[in-house]
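Residue numbers (the working numbering): 6 to 146.
Each residue gets a CB set at the ideal place from its N, CA and C atoms; glycine is no exception.
Just so you know, these numbers come straight off a predicted model, no measurement behind them.
See below for the structure under consideration.
Right, dumping it as C-alpha cells:
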C-alpha cells in the first residue's frame, strides 16, 4: 500500500468512497433521511479544490482505497474514509499515522477533528480524546 498526496484527478474516487463509507458505516447511527442529504449531489469544484489542497489517498494495486484530509494551517483532520470493500485491513489507522507524520513534519502543535458517532471509537484508538458530543448542521440541509 502506498499513501500519497492526492491530486485533482483523485477527487471523483475520493467522493465516491466518501459516499459509500457514509452509507454503509453511518447507517444505524443516523436517520436514513440524514444520510441521503449528506451524500446527495455531484462532485463539486469546491470538493476538488479541498482534495487538491489537503487530501491524501491510500492506493492498493493502482486503486485509491481510502482518503484523509489534513489542513496544515489549522491542524484539522477530516474526511478519513475507507472504501467499504477494503475495511478491516488497517488502512484507516495507517492513513491516520501518515497524517500524523505530515503534521509532525509541519511542526503542528496539535491535531483536531470532528467525528461521526460510528467513527468515534476508531479515533479514540488512534489516541484522540473526545471533548463533547455536538450537533453538526450540514450546509446541504
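Margin query: Using the three-state DSSP reduction, which class does residue 86 fall into: helix, strand or coil?
Written below: strand
Next item on the list: Would you kindly check if the distance between the Cβ of residue 48 and the Cβ of residue 147 is under 8 Å?
Entry: Beyond the ends of the chain as shown, which are 6 and 146, falls residue 147; an answer cannot be given.
Margin query: Need the endpoints of the alpha helix (DSSP H) that residue 59 sits in, please.
Written below: 50 to 59
Item checked: Local conformation of residue 64 per DSSP, three classes -> strand
Next item on the list: For residue 117, write down the residues that DSSP places opposite it in a beta bridge.
Entry: 81
Check: I think residue 75 touches residue 61, with their Cβ atoms under 8 Å apart; what is that distance to the nearest whole Å?
Finding: 7 Å
Next item on the list: Let me know the secondary structure DSSP gives residue 134 once reduced to three states.
Entry: coil
Checklist line | Close beta carbons around residue 83, own chain, < 7 Å, minus the five adjacent residues each side | finding: 74 and 118
Checklist line | Identified DSSP bridge partners for residue 32 | finding: 35
Note to self: Does the contact criterion of 3 or more C-beta pairs under 8 Å hold for the segment 88 to 105 versus the segment 51 to 68?
What the structure shows: yes
Notebook entry, point to check: Are there 16 or more other CB atoms within 10 angstroms of the CB of residue 109, so buried, or fewer, so exposed?
Noted result: exposed
Notebook entry, point to check: Straight-line CA distance for residue 129 to residue 13?
Noted result: 31 Å
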